[in-house]
Amino acid sequence: MRRLLWLPAALVLAWALLFASCGGGKDEPGPNDGPVRIELWHSMSATLVAALQRMIDDFNASQTQYQIEAVFQGSYTDS
């Protein structure tokens, strides 16, 4: 009777170890060629876009790691 209990437990353990060993390795990020480009989608009117663009320009000038680009996605009434 004891052997009948150990056999399924051993098989489950073997399968668990097999699947655990199939896990992928650690993904290393590749080298970055230049700044990270970020698209900022917006639906702002022309008045607000001018203020937004000034903030984006100030941010882009303040550092070199990220580059933000504002992309118009249609007005609020279009959605």
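Start counting the sequence shown at 2; every next residue gets the next number (my numbering). Just so you know, even glycine gets a beta-carbon here, dropped at the ideal spot from N, CA and C. Just so you know, these numbers come straight off a predicted model, no measurement behind them.
Sequence-distant residues of its chain with Cβ nearer than 7 Å to residue i (five each side left out)
| i | result |
| --- | --- |
| R38 | Q68, E70 |
| F60 | I69 |
| K75 | The sequence given here places Gly at residue 75; Lys does not occur at that position. The answer, listed in chain order, is S44. |
| Q54 | A71 |
Supposed close pair residue i, residue j - CB separation, criterion 8 Å
| i | j | result |
| --- | --- | --- |
| P36 | Q66 | 6 Å |
Same chain, Cβ closer than 8 Å to residue i, neighbours up to 5 away in sequence not counted
| i | result |
| --- | --- |
| V72 | E40, L41, W42, H43 |
C-alpha gap between residue i and residue j, whole angstroms
| i | j | result |
| --- | --- | --- |
| W16 | T78 | 56 Å |
| L5 | V13 | 13 Å |
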